[in-house]
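This report concerns only the one structure given below.
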Amino acid sequence: MKCKYHTRIKHKFLGDYLSIWLRGVGGKVSLDYVDLFASDGICELDAELESPLIWEGSALLAVKMSEEYKNRWTCYLNELNPTTCTQLKQNLKKYDPWVGEVFNEDANDVIEKILMKIDPNYPSLFFIDPQNHSQLPWRTIEKIANHAGGKLKDSQNLRRPEMIINLMTTGMQRNLDKSPENISLALGMEEDKWREIIDQYHDNGKTYHEGFRDIYCEKLSQIYNVSPVFLSVETKKDSTVFYLIAISSITIPK
Ligand SMILES: C[S@@+](CC[C@H](N)C(=O)[O-])C[C@H]1O[C@@H](n2cnc3c(N)ncnc32)[C@H](O)[C@@H]1O
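See the structure below:
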């Protein structure tokens with residue numbers, strides 16, 4: 000897969016997050032890991048003067064780390080494009096035998112099948128990385144968030160899956176007037192409602208990127224009862240391309 004400079008920031012973030020599991024949790028509990036938009040697992044930089052030119056994408060990164068984990072770490076990987084999916088299977092061969100499955104379906108359909116395989120009473124982590132917001136309706140996020148298990152120790156909160164979501168705010172901003180219906184789908188909100196909120200934010204000096212991010216974070220925090228953390232992933236000229244939003248039910252309550 001051809002990648003831009005900011006893709007490396009995304010993989011640094013994912014790698015650091017997975018290191019918490021690998022070295023922090025260190026095998027004390029099992030982990031179900033899901034990559035709903037996996038691509039082919041290999042990144043090739045789309046510019047000549049940078050290095051490294053080739054590195055491992057999200058799927059290979061997770062499978063490699065799962066092999067070092069001292070407990071069961073199952074990887075469920077999904078990619079819609081059949082050619083890319085075949086390449087992914089090929090690229091994964093270097094880590095055989097690894098524990099998990101590859102699916103070749105629409106993420107928003109296969110999610111039902113994957114959730115049925117995951118026991119909500121144990122930890123799971125979903126990496127959700129579409130190319131644009133129209134590929135990820137809010138109802139898919141809601142399904143994952145509501146795959147909840149028993150109460151966490153010393154807490155009123157249920158255990159819910161951890162998620163890292165790539166919120167593609169560039170596409171949302173660009174399509175504000177061209178296809179608002181896709182934004183409504185991505186946010187799970189009527190157009191009138193989100194327009195009112197982002198216009199208000201805008202009047203108070205927030206960018207549209209920040210407005211969409213805050214609506215999304217607020218919706219997640221209503222389900223998880225904690226606030227997500229986020230990272231603005233930017234071009235070299237400091238403009239936001241997308242936000243990585245991470246949510247877990249085991250962070251400190253609001
Ligand atoms: C941004 S890329 C994923 C990159 C990968 N997660 C990584 O970090 O290495 C998005 C991928 O999602 C795939 N895709 C697009 N729509 C999809 C859908 N509805 N369901 C599953 N995969 C989809 C595309 O073919 C593409 O390979």
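Here numbering that gives the first Met the number 0 is used: the first residue of the sequence shown is 0, the next is one more, and so on.
We put the CB at the ideal spot given by N, CA and C, even for glycine.
Since the structure is predicted, the reported quantities are computational estimates derived from the model, not experimental observations.
Here's the rule I'm using: 16 or more other beta-carbon atoms within 10 Å means buried, otherwise exposed. How should residue i be labelled?
| i | result |
| --- | --- |
| Val240 | buried |
| Ile19 | exposed |
| Arg159 | buried |
| Glu227 | Residue identity differs from the one stated: residue 227 is Pro in this sequence, not Glu. The residue in question, Pro227, is buried, as its Cβ has 16 or more Cβ neighbours within 10 Å. |
| Gln134 | buried |
| Gly56 | buried |
| Asn70 | exposed |
| Thr82 | exposed |
| Leu175 | exposed |
| Ile201 | One point to set straight first is that residue 201 is His, not Ile, in the sequence displayed. Classification of His201: exposed, given that the 10 Å Cβ count is below 16. |
| Leu114 | buried |
| Val232 | buried |
| Val109 | buried |
If you follow the beta strand (DSSP E) that residue i is in, where does it begin and where does it stop?
| i | result |
| --- | --- |
| Tyr75 | Trp72 to Asn77 |
| Met171 | Segment Thr168 to Arg173 is the alpha helix (DSSP H) holding Met171; no beta strand (DSSP E) there. |
| Trp97 | Element bounds for Trp97: n/a, residue is neither H nor E. |
| Ser18 | That residue, Ser18, is in no beta strand (DSSP E); its alpha helix (DSSP H) goes Tyr4 to Ser18. |
| Leu230 | Val228 to Glu233 |
| Leu44 | Ile41 to Leu44 |
| Leu184 | Not the beta strand (DSSP E): Leu184 falls in the alpha helix (DSSP H), residues Pro179 to Leu186. |
| Leu124 | Ser123 to Ile127 |
For residue i, which residues of its own chain have a beta-carbon under 7 Å away from its beta-carbon, when the five flanking residues on both sides are left out?
| i | result |
| --- | --- |
| Lys1 | Glu43 and Asp45 |
| Thr6 | Cys42 |
The alpha helix (DSSP H) with residue i in it runs from where to where?
| i | result |
| --- | --- |
| Gly210 | Tyr207 to Tyr223 |
| Asn107 | Ala106 to Lys116 |
| Val240 | Counting along the chain, Val240 falls outside any alpha helix (DSSP H), though it belongs to the beta strand (DSSP E) covering Thr239 to Ile246. |
| Leu59 | Ser57 to Glu67 |
| Leu87 | Pro81 to Leu91 |
If you drop the 5 nearest sequence neighbours on each side, which residues of the same chain put their C-beta closer than 6 Å to that of residue i?
| i | result |
| --- | --- |
| Val101 | Leu76 and Lys88 |
| Ser183 | Glu190 |
| Asp31 | Thr73, Ile117 and Ser123 |
| Lys218 | none |
Give the secondary structure of residue i by DSSP, where H, G and I count as helix, E and B as strand, and everything else as coil.
| i | result |
| --- | --- |
| Asp191 | helix |
| Ser38 | coil |
| Lys142 | helix |
| Lys253 | At Lys253, the pLDDT of 42 sits below 50, so the modelled position is not reliable; the number obtained from the coordinates is stated separately. In this structure, Lys253 counts as coil in the three-state DSSP scheme. |
Leaving out the 5 sequence neighbours to the left and right, which residues in its chain are closer than 8 Å to residue i when beta-carbon positions are compared?
| i | result |
| --- | --- |
| Pro136 | Asn107, Leu184, Ala185 and Gly187 |
For this session: Evaluate the contact criterion for the region 56 to 71 versus the region 95 to 114: three or more CB pairs, one atom per stretch, below 8 Å.
Result: yes
For this session: Spell out a yes or no on whether the region 163 to 179 and the region 208 to 219 are touching, meaning 3 or more CB-CB pairs, one atom from each, closer than 8 Å.
Result: yes
Exercise. How do the region 6 to 22 and the region 135 to 142 stand: do at least 3 beta-carbon pairs fall below 8 Å, yes or no?
Worked result: no
Exercise. Contact between the region 116 to 124 and the region 195 to 204: three or more CB pairs below 8 Å?
Worked result: no
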